[in-house]
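Have a look at the structure below before the remarks.
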Amino acid sequence: MMMAPQHHHWQEEQRRQPVHDWHLRRAGKGPIMLMLHGTGADGLSFSGMQPHLSKFFDLLALDLPGHGKTRLGSRSRSGNKAMAEDIKKLLDDMRVTPDYILGHSAGAVLALELTKLLTPALPKIICINASLAQFEGVAGWLFPMMARGMAINPLTPRIISASLSDERIKKLLEGTGGEINEEMIKRYAQLGRLHEHVSGTLLMMAQWDLTQLLSELGHIQNEVVIITNGQDLAVPHKVGKEAAQKLPHAQLLALSDGGHLWHEEAPQEAAALIIESIKKGHPNG
443 MMMAPQHHHW
453 QEEQRRQPVH
463 DWHLRRAGKG
473 PIMLMLHGTG
483 ADGLSFSGMQ
493 PHLSKFFDLL
503 ALDLPGHGKT
513 RLGSRSRSGN
523 KAMAEDIKKL
533 LDDMRVTPDY
543 ILGHSAGAVL
553 ALELTKLLTP
563 ALPKIICINA
573 SLAQFEGVAG
583 WLFPMMARGM
593 AINPLTPRII
603 SASLSDERIK
613 KLLEGTGGEI
623 NEEMIKRYAQ
633 LGRLHEHVSG
643 TLLMMAQWDL
653 TQLLSELGHI
663 QNEVVIITNG
673 QDLAVPHKVG
683 KEAAQKLPHA
693 QLLALSDGGH
703 LWHEEAPQEA
713 AALIIESIKK
723 GHPNG
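Residues 443 to 727 in my numbering are what the sequence shown lists, from first letter to last.
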C-alpha cells in the first residue's frame, strides 16, 4: 500500500489487490460515503462536491478498474457484475462497510449491484443520472460488439487517445447536455490522453450487461434516491423514472435543468441536494 500526495484536498492512496491495483481518494469524517464515477471518468469527477460533502461524510472515491489511476489486473472483469464483486473485495480488505453509496451514471449501476453483495447491510443509494437502460434494437448488440472489437485491437486505444484533442473533448462533453466549463474540458482531455484509460473505457462498454440487474430491481430493499436532470442528453429522464417505479423504496427527484454531468457543472447545488435527501430520509422508509 502506497500513500500519494494530496490532490484537490483528497488524501490519495494506491492499494494493490489480487485483481486490480486500485487508486483511492478519501476526505472528511463521519458516516462513510462510497463514490462511484461513470464510464470514461475518474474519482476526481466528485472533486467539486468534496468540500461540501466532506463536512458531513467520510468520502471514499474510487477510480474504477482501467480508469484514471486504477490499473486493470484482468481484462475480463470490466462488466458491471464483476466490477461490483471486485469493489466488494476491496471494501472487505479495507474493513469498510459504506453507509451511503453515491453513483453517477454507470457508477449508479454499480451502486445497485453492490446492494446484493453488502447484505445484511443496507446502505442508502444516491443515483445521479443512472444509466439503467439497455441499448435498444440493433444498437443492443451492435454497440457492445463494436466496443469489443475496438478493445481487442491493442492499437485502437492509442489511436483514439491520439485523436482526442481539447476541441473534440469539448464537443463530446457538450453532447451530454448542460453547461460545460474549461476545468471539465481540461480534466477529461488529460484522461483521454491516457491510452490505458481509453482501453479501460472500451472494455467496460464491451462487457456491460444490465439484463439481470434490471430484472432484480424489485427485490432491492435499500432506500434509493434517483436524481434526473432535464437537460441530460445521455440518459433520458424516463430511464430514472421507470427505475424508480420498480424499486420498492425509491424517491425520484426530477430536476428541470442540468445535464448528464450536473454534479460537475453545479457541484455545490448537487451536494446540497444530496445532503438534504439524506437528512430527510425516504418518505416511505
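We treat Cβ as the ideally placed atom computed from N, Cα and C, and that holds for glycine.
Bear in mind that the values here come from a model prediction, so they are computed numbers and not experimental data.
With a 10 Å radius around its C-beta and 16 neighbouring C-beta atoms as the bar for buried, classify Val677 as buried or exposed. Here residue 677 corresponds to residue number 235 of the sequence shown, with the count starting at 1. Buried.
Outcome for Arg458 when other beta-carbon atoms lying within 10 angstroms are tallied against a minimum of 16: Indexing the sequence shown from 1 puts residue 458 at position 16. Classification for Arg458: exposed.
Label Ile570 either buried or exposed according to how many other C-beta atoms from any shown protein chain fall within 10 Å of its C-beta, with 16 as the threshold for buried. For the purposes of this step, residue 570 is taken as the residue at position 128 of the sequence shown. Ile570 should be labelled buried.
How is the beta strand (DSSP E) around Thr406 delimited, first residue to last? Only positions 443 to 727 of the chain appear in the structure, and residue 406 is not among them; the question remains open.
Where the beta strand (DSSP E) containing Arg457 begins and where it ends: Taking the sequence shown and counting its residues from 1, one reaches residue 457 at position 15. Taken as a continuous stretch (DSSP letters only), the beta strand (DSSP E) holding Arg457 covers 452-458.
Express the C-alpha separation of Asn522 and Asp651 in angstroms, rounding to a whole number. As a working mapping, residue 651 is identified with position 209 in the sequence shown. As a working mapping, residue 522 is identified with position 80 in the sequence shown. In a straight line, the C-alpha of Asp651 is about 7 Å away from that of Asn522.
Close Cβ partners of Asp463 (< 7 Å) along its chain, the five nearest in sequence each way excluded: In the sequence shown, counting from the first residue as 1, residue 463 sits at position 21. Correct list, in chain order: Gln456, Thr512, Arg513, Gly515.
In chain order, what residues of the same chain have a beta carbon less than 6 Å from the beta carbon of Lys566, not counting five sequence neighbours either side? Reading the sequence shown from its first residue, position 124 is the one you call residue 566. Counting only Cβ-Cβ distances below 6 Å, and skipping sequence neighbours, we find Tyr542, Glu665.
Could you check the C-alpha separation between Trp704 and Glu624 for me, to the nearest Å? Taking the sequence shown and counting its residues from 1, the one referred to as residue 704 is at position 262. Taking the sequence shown and counting its residues from 1, the one referred to as residue 624 is at position 182. Their backbone Cα atoms lie some 15 Å apart in a straight line.
Per the DSSP calculation, Trp464 is bridged to which residue(s)? As a working mapping, residue 464 is identified with position 22 in the sequence shown. The beta-bridge partner set that DSSP reports for Trp464 consists of Arg457.
Three-state class that DSSP yields for Gln693 in the structure shown: If you number the sequence shown from 1, residue 693 lands on position 251. Reduced to three states, the DSSP call for Gln693 is strand.
Using the DSSP secondary-structure output, state which residues sit across from Gly545 in a beta bridge. For the purposes of this step, residue 545 is identified with residue 103 of the sequence shown, where counting begins at 1. Leu478, Cys569, per the DSSP bridge assignment.
Excluding the 5 residues flanking Ser641 on each side, which residues of the same chain have their C-beta closer than 6 Å to its C-beta? The sequence position of residue 641 within the sequence shown is 199, counting from 1. Contacts found: Pro599.
Which first and last residues belong to the alpha helix (DSSP H) in which Ala503 is found? Position 61 of the sequence shown, counting from 1, holds the residue named residue 503. Unbroken run through Ala503 is the beta strand (DSSP E), 500-504; no alpha helix (DSSP H).
Please state whether DSSP places Ala469 in a helix, a strand or coil. Translated into positions along the sequence shown, residue 469 becomes position 27. DSSP places Ala469 in strand when its eight states are reduced to three.
Mind the definition here: the region 524-535 touches the region 666-674 only if three or more C-beta pairs lie below 8 Å; say whether that holds. no
Any non-hydrogen atom of the ligand NAP closer than 7 Å to Arg467 Cβ: Annotation note on the ligand NAP: not contained in the displayed structure, which lists no ligands.
First and last residue of the uninterrupted alpha helix (DSSP H) at Ala631: Sequence index remark: in the sequence shown, residue 631 carries index 189 (1-based). Its alpha helix (DSSP H) spans residues 624-634.
Residue from Glu707, Ser489, Ala696 with nearest C-alpha to Ser719: To locate residue 719, count along the sequence shown from 1; it is residue 277. That would be Ala696, whose Cα lies nearest to the Cα of Ser719.
According to DSSP, residues forming a beta bridge with Arg513: As a position in the sequence shown, residue 513 is number 71, starting the count at 1. Paired residues: Asp463.
If you follow the alpha helix (DSSP H) that Pro493 is part of, which residue opens it and which one closes it? Position 51 of the sequence shown, counted from the start, is the residue given in the question as residue 493. First-last of the alpha helix (DSSP H) with Pro493: 492-495.
CB of His702 within 8 Å of CB of Gly634, strictly: For this step, residue 702 is matched to residue 260 along the sequence shown. For this step, residue 634 is matched to residue 192 along the sequence shown. Against a cut-off of 8 Å, the Cβ pair of Gly634 and His702 comes out as no contact.
Decide if the region 682-694 is in contact with the region 463-477; the criterion is three or more beta carbon pairs, one per stretch, under 8 Å apart. Taking a contact to require three or more Cβ pairs closer than 8 Å, the region 682-694 and the region 463-477 do not qualify as touching.
Identify whether Ala533 lies in helix, strand or coil by the three-state DSSP scheme. Position 91 of the sequence shown, counted from the first residue, corresponds to residue 533. Going by the sequence as given, residue 533 is Leu instead of Ala. Residue state, collapsed to three classes: helix.
Leu655 and Glu555: beta carbons closer than 8 Å? Position 213 of the sequence shown, counted from the start, is the residue given in the question as residue 655. Position 113 of the sequence shown, counted from the start, is the residue given in the question as residue 555. Their beta carbons are under 8 Å apart, which means Leu655 touches Glu555 by this criterion.
Which two residues bound the contiguous alpha helix (DSSP H) that contains Trp704? The residue you call residue 704 lines up with position 262 of the sequence shown. That run of the alpha helix (DSSP H) goes 704-707.
Taking C-alpha atoms, which residue in Asp505, Thr481, Thr618 lies nearest to Glu454? Start at 1 with the first residue of the sequence shown, and residue 454 comes out as number 12. For Glu454, the nearest C-alpha among the options comes from Asp505.
Is the beta carbon of Pro709 closer than 8 Å to that of Met491? Mapped onto the sequence shown, residue 491 falls at position 49. Mapped onto the sequence shown, residue 709 falls at position 267. Against a cut-off of 8 Å, the Cβ pair of Pro709 and Met491 comes out as a contact.
Between which two residues does the alpha helix (DSSP H) harbouring Gln649 extend? The count along the sequence shown starts at 1 and reaches residue 649 at position 207. Element bounds for Gln649: 637-649.
Among Gln649, Ala575, His509, which one has its Cα closest to the Cα of Tyr630? Here residue 630 corresponds to residue number 188 of the sequence shown, with the count starting at 1. For the residues Gln649, Ala575, His509, the minimum Cα distance to Tyr630 belongs to His509.
Give the straight-line distance between the Cα atoms of Ile601 and Lys531, rounded to the nearest whole angstrom. Position 159 of the sequence shown, counted from the start, is the residue given in the question as residue 601. Position 89 of the sequence shown, counted from the start, is the residue given in the question as residue 531. Their backbone Cα atoms lie some 34 Å apart in a straight line.
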